[in-house]
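Protein chains in written order, with this note's numbering: chain A, 1 to 733; chain B, 734 to 957.
Encoded as structure tokens, the structure appears first; notes follow it.
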């Protein structure tokens, strides 16, 4: 290696590449890369952009379905919801930026996922968030929670897109590396969906939105594709700064341009900024692109060409237009007070060429940048010893009443209202079920005849159970999310996912990842749900080790009549209560076991996915028919917790007697997929019982919850239950 | 009855307000940069974050070109319903008394609240029963109503307090639980709750519809 080459390799390593990758680049372009070229390769060949450790795994997921209209590979996937409409959706992570600077990290996470949705032409109509922090006893976790929630609210509320749901968990392994996943759902007339493939040599590239600054340089490589560690404060300049007002104008402007049919292709600028946007567009369209960085509107003087190409300044979009459309495009941008500039054009060269005024500063084959990043084989090996320390023990007694109160007050189960009240859940006038009213959010679609159809959305993840058994745990996550949809009467149409894992170069993390993706694929095939797209976030670990493996899944489903959308709360005094579905609870791996300080089990019981799917269909049908008063799936905290939640949501008490007198704690608090608490008339429940396993266990009555299971007896007033359930408020005081 | 709903860059509930108005009359969009009210009978200034609200809520929008027209329209007795950010804009513009400060909890709060109708004898509330309870959502960070004590006394005495949060429902620390006030002339009404988000039982409540219906029912030019 010459001195020059050694210097180049050193720079490459500083940018996050390996020496081998650097040598591949030199071989591919036949010379040492220029500064711009090396910067661009380092980003596009980062894990964040290239999926070099996860691509072969993702290829195993089912991506076909009768309702799919846009699959993986576009800015977002989309499914047909009838009436000429499609729903586009995607979930994405912003974990590392949020761990370094939670307010801006979370805010720009929301900004980024919104752009993905309007980049396909859809108007964003809903946001959901999946959040993970360390134990709330830690000051750092409370700080991250407070600032991340404020950041999400700051962006989502200001832009006029409702936050309709989400989830929040606290577990020790997220102490150093919190997770901030945001999902956005958009609505569009199917025929108007636009793709990101550039086409038509001679067509113009117009960059519009915010000007380009030095913020977020290297975010995809040094931040998103490496472990967190000492000195992360120094990475703060790699976190972008969000401006929701600029994004609001950018969104209206983009949708207006599409409405007028002025665009050939559209792409948002996210991770790796202009580099990724331009190269993706060129690659998908199998064309070349010329860009003149001197034409890019800058926020500060004296920026180097490489800085302009890799800047992750927020609130920018790139479009391809026909030259004749330029005046009209600029007029629309001016109306929305959004700056726009022609920065280049589409060519037939197959090259990305970067100019700085008249001077050529970079020239690379598109294929080398986008398609020829090396793909790495994983070396999966199950860990020999447990990877995670047992959680701290926080309850002393096994008294059922104390256990129920402790569970309701657990930050993983407590009422989410103090969180959700910080988000606008109702703007855009579509929200039929707000957070806390049902197991899934329900949004109305335009009426069709007498009925108003709707979509239901849920997002789920359970890192602890996936850590116990990556394969079966991931199946449970998908089943749980589908159960949430069933409880409002919705049929799943498509799934998006964000795979949050540790460093895949470590064999045990590779094993978690492989097993989890295998579970995800098997669950989706069993339920007949296509994966429409998603995101992978690796290297989520700090000095203490990896996070719990956390696949987060988001489902979108449809329901024919929102007037019959299900609710979780009991509704009528005298209604009968039933435990429905295949339900074989265990204390191992439950929230109660966690509160007791028990370490994770190694492996979870197998689930009969086909039978669970059948019971979900039956619940869905019963909700749709209007026969049930309420439906709620049994999750963390088991049956007793689910009953308490139904009581609190409906403001009504219940009297319940359980059959399992041998192991009452297991019957009360054990967890497993497949179970539902439903209420309704005796006749309605018996009819449901003809389709699926069902046991009538009590009645809605009074203002106390009474549960008898053999020797065990719980009798608590709604007031006491509500007080325990309100524990989350203290975290936002 | 023709309603005009202003859209500033950063308005979020402008479309919702138009949908609500369209349930009782005709609704058109008005653009912030225009000097034209398109001959509407009622101006609605909707919720959102006009111009990002980066300086202070409503402080920039107050200088928007169309506000010149709105101020003139209001001075001549034209009816203006100012919701949330619109309320903030009108306080900044001097069209309504008092000011809106950051919530006592210092956080954004989105919540269905119960309101007591204090004054049913205004053009905005005539279709409702005196003392009626309304369930309407709030969603804001800057909604704590404030006025100096002597002004507050004057407002109470003159019946300018139109809506109050029901006991125990005050979400933001507003003085005297004030949720909505009207100007002295009775033609400009500002409120923090969002009646446009309470026009359909499917989305939670239809208790806000009465405010729009009251306006639609009052004959044009019939005075206040």
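Every residue, glycine too, gets a C-beta built ideally from N, C-alpha and C.
From a predicted model like this one, the values you see are computed outputs, not experimental measurements.
Kindly list the residues whose CB is nearer than 6 Å to the CB of residue i, restricted to its own chain and excluding five residues on each side of it in sequence; keep chain order.
i, result
"residue 60(A)", "521"
"residue 546(A)", "502, 509"
"residue 747(B)", "738, 740, 779"
"residue 41(A)", "25"
"residue 865(B)", "850"
Listing by chain order, which chain A residues have their CB less than 9 Å from the CB of residue i?
i, result
"residue 781(B)", "158, 160, 248, 427"
Tell me which residues share the same chain as residue i and place their Cβ nearer than 7 Å to its Cβ, disregarding the 5 neighbours each side in the sequence.
i, result
"residue 330(A)", "340"
For residue i, go through chain B and note every residue whose CB falls closer than 7 Å to its CB, in chain order.
i, result
"residue 108(A)", "Result: empty, since nearest Cβ-Cβ is about 15 Å, beyond 7 Å."
"residue 337(A)", "742"
"residue 153(A)", "841"
Output yes if chain A places a C-beta closer than 9 Å to the C-beta of residue i; else output no.
i, result
"residue 769(B)", "no"
"residue 806(B)", "no"
"residue 941(B)", "no"
"residue 842(B)", "yes"
"residue 936(B)", "yes"
"residue 749(B)", "yes"
"residue 955(B)", "A caution first: residue 955(B) carries a pLDDT of 47, below 50, which makes its placement in the model unreliable, though a value can still be read off. Not one chain A Cβ lies under 9 Å of residue 955(B)."
"residue 787(B)", "yes"
"residue 929(B)", "yes"
"residue 784(B)", "yes"
"residue 854(B)", "no"
"residue 933(B)", "yes"
"residue 746(B)", "yes"
Any idea what DSSP makes of residue i, helix, strand or coil?
i, result
"residue 854(B)", "coil"
"residue 529(A)", "coil"
"residue 957(B)", "Residue placement at residue 957(B) is flagged as unreliable, the pLDDT there being 43, under the threshold of 50; the coordinate-derived value follows with that caveat. Coil at residue 957(B), not helix or strand."
"residue 431(A)", "strand"
"residue 303(A)", "coil"
"residue 10(A)", "helix"
"residue 663(A)", "coil"
"residue 845(B)", "strand"
"residue 319(A)", "strand"
"residue 725(A)", "helix"
Start and end of the beta strand (DSSP E) containing residue i?
i, result
"residue 497(A)", "491-500"
"residue 764(B)", "759-764"
"residue 146(A)", "Unbroken run through residue 146(A) is the alpha helix (DSSP H), 139-159; no beta strand (DSSP E)."
"residue 116(A)", "Residue 116(A) -> not in any beta strand (DSSP E); alpha helix (DSSP H) instead, spanning 102-119."
"residue 632(A)", "628-633"
"residue 557(A)", "550-559"
"residue 713(A)", "712-717"
"residue 929(B)", "Per DSSP, residue 929(B) belongs to no beta strand (DSSP E) and is neither H nor E."
"residue 872(B)", "866-873"
Along chain A, which residues have their Cβ under 7 Å away from the Cβ of residue i?
i, result
"residue 754(B)", "The contacting residues do not exist; residue 754(B) stays about 12 Å from chain A at best."
"residue 743(B)", "245, 248"
"residue 870(B)", "426"
Terminal residues of the continuous alpha helix (DSSP H) containing residue i?
i, result
"residue 754(B)", "747-755"
"residue 905(B)", "First-last for residue 905(B): undefined, no H or E at that position."
"residue 259(A)", "244-259"
"residue 275(A)", "273-285"
"residue 897(B)", "First-last for residue 897(B): 894-898, but that is the beta strand (DSSP E), not the alpha helix (DSSP H)."
For residue i, which residues from the same chain have a beta carbon less than 8 Å from its beta carbon, with the 5 sequence-adjacent residues on both sides left out?
i, result
"residue 104(A)", "97, 151, 239, 240, 241, 242"
"residue 607(A)", "472, 475, 476, 479, 672, 673, 674"
Any beta carbon from chain D within less than 9 Å of residue i's own beta carbon?
i, result
"residue 180(A)", "No chain D is part of this structure, whose protein chains are labelled A and B."
Is there a Cβ from chain B that is less than 9 Å from the Cβ of residue i?
i, result
"residue 432(A)", "yes"
"residue 563(A)", "yes"
"residue 420(A)", "yes"
"residue 732(A)", "yes"
"residue 150(A)", "yes"
"residue 300(A)", "no"
"residue 414(A)", "no"
"residue 444(A)", "yes"
"residue 252(A)", "yes"
Give me the chain B residues within the contact set of residue i, using Cβ-Cβ distance strictly less than 8 Å, ordered along the chain.
i, result
"residue 423(A)", "841, 843"
Kindly list, in the order they appear in chain B, the residues whose Cβ is closer than 9 Å to that of residue i.
i, result
"residue 452(A)", "935"
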